[in-house]
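A.B. asks: In the working numbering, the protein residues as written are 887 to 1092. Below: one structure in C-alpha cells.
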Amino acid sequence: MADFTVMSIIRHRLLTDGEGVTTLVGLSGCPLKCKYCINEKQLHSNREKFVVCSPIDLAANIMQDYCYFVASGGGVTFGGGESLLHAEAIHEIRKLLPEDVSINVETSLNVPREFLDIVIGDITEFIIDIKDADPNIYCAYTGVSAQKAYDNLKYLAQHNLQDKCKIRIPLIPDFNTKEDLLRTEMFVRSLGFGNTEIFDYVIREQ
C-alpha cells in the first residue's frame, strides 16, 4: 500500500478547495519549477518536517472532520506540490472514506497518464491550474513542457468529465497578458469545460 508524504493539513476551509467545508492536505513533490511557487520552501527546504503516513492513518485523521463534511457536502482536497504524484495512495484512501466524503485534487495535470488513470474514477472534483495555453509561456514559467498537461486535459474531456473540473487560469506577472488569458479560456471552453476561473496571481515573498 502506497503512503502519503504530507507537508501540511489545514482544516475547516469553506468553499475555497471544493464544495462545502474541506480539509486541505498538502502533499510533497512537484514536476514543475514555477518561478513564483508559493510552496517552494516547503517543497525544497523543509523535508525534515514532512510526515509519512499510510492511507489508513490519514483517513482516520480526515474523519475527525466528518460531521462538517456531512453538514456541508464537503470532504478532503489534496494539494501540493502535485497531488497526482500520490495517485496510488489517493486511490487507497477512496476505499477507506465514506462515499459521502468528497475527494478533490488540486493539480497541474502535468503527470504521466497512468497516474491520472489510477484515480480518474475516484475524484469528485479536479481543480486544475492550467497555467497558460501557449506552450512557450507555460515552459518559460514552469521550466517544463506543457504537453502532458494539455494531453491530460483533453483526456478528461474525452471521458466527458468536464462537469467534474474547475479550470483556474492565472494572470502571471511578467509571463502572460489578459489577452493570453482569454485565449487560454477559449482553449479550455473549446474542449467543453465551462467552469473556469480567471484570477490575478499574487506574488508572495518567500
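Heads up, the beta-carbon is just placed ideally off N, CA and C, and yes, glycines get one too. Small disclaimer: the values here were computed from a predicted structure and weren't measured.
On the DSSP bridge list, what partners appear for I1053?
C.D. replies: Looking up residue 1053 in the sequence shown gives position 167. Bridge partners of I1053: I1014, T1082.
A.B. asks: Can you tell me which of the three DSSP states L1002 falls into?
C.D. replies: Translated into the one-based positions of the sequence shown, residue 1002 becomes position 116. Correct three-state label for L1002: helix.
A.B. asks: Identify the residues that DSSP records as bridge partners of C939: which are they?
C.D. replies: Working through the sequence shown from its first residue, we reach residue 939 at position 53. According to DSSP, which records beta bridges pairwise, C939 is partnered with F890.
A.B. asks: Can you give me the start and stop residues for the beta strand (DSSP E) that T993 sits inside?
C.D. replies: Residue mapping note: residue 993 aligns to position 107 of the sequence shown, counting from 1. Following the DSSP letters along the chain, one finds T993 inside the beta strand (DSSP E) bounded by residues 988–993.
A.B. asks: Assign V1088 to one of three DSSP states: helix, strand, or coil.
C.D. replies: Residue mapping note: residue 1088 aligns to position 202 of the sequence shown, counting from 1. Reduced to three states, the DSSP call for V1088 is coil.
A.B. asks: Taking the CB atoms as reference points, tell me whether H972 and F964 lie closer together than 8 Å.
C.D. replies: Within the sequence shown, the letter at position 86 stands for residue 972. Within the sequence shown, the letter at position 78 stands for residue 964. Inclusion of H972 and F964 in the CB contact set at 8 Å is warranted, their separation being smaller than that value.
A.B. asks: Does the beta-carbon of K935 have 16 or more other beta-carbons within 10 angstroms, so that it is buried, or is it exposed?
C.D. replies: One-based indexing of the sequence shown puts residue 935 at position 49. That one is exposed.
A.B. asks: Which two residues bound the contiguous beta strand (DSSP E) that contains T963?
C.D. replies: Taking the sequence shown and counting its residues from 1, one reaches residue 963 at position 77. Its beta strand (DSSP E) spans residues 961–965.
A.B. asks: Tell me the rounded alpha-carbon separation between H898 and V956.
C.D. replies: Locating residue 898 in the sequence shown gives position 12, counting from the first residue. Locating residue 956 in the sequence shown gives position 70, counting from the first residue. If I take the Cα positions, the gap works out to 13 Å.
A.B. asks: Measure from the alpha carbon of L1042 to the alpha carbon of each residue in F1061, N1022, T993, G1029, then state which is nearest.
C.D. replies: Taking the first residue of the sequence shown as 1, we reach residue 1042 at position 156. For L1042, the closest alpha carbon among the candidates F1061, N1022, T993, G1029 is that of T993.
A.B. asks: Does the distance from the C-beta atom of C1051 to that of F1012 stay below 8 Å?
C.D. replies: Within the sequence shown, numbered from 1, the residue matching residue 1051 stands at position 165. Within the sequence shown, numbered from 1, the residue matching residue 1012 stands at position 126. Yes, the Cβ-Cβ distance between C1051 and F1012 is below 8 Å.
A.B. asks: Considering only their Cβ atoms, is the gap separating I1053 from T1082 smaller than 8 Å?
C.D. replies: Reading the sequence shown from its first residue, position 196 is the one you call residue 1082. Reading the sequence shown from its first residue, position 167 is the one you call residue 1053. A Cβ-Cβ contact shorter than 8 Å links T1082 with I1053.
A.B. asks: Which residue from L944, T908, R999 puts its Cα closest to that of Q1033?
C.D. replies: What you label residue 1033 is simply residue 147 of the sequence shown in a count that begins at 1. Distances from the alpha-carbon of Q1033 to those of L944, T908, R999 put R999 closest.
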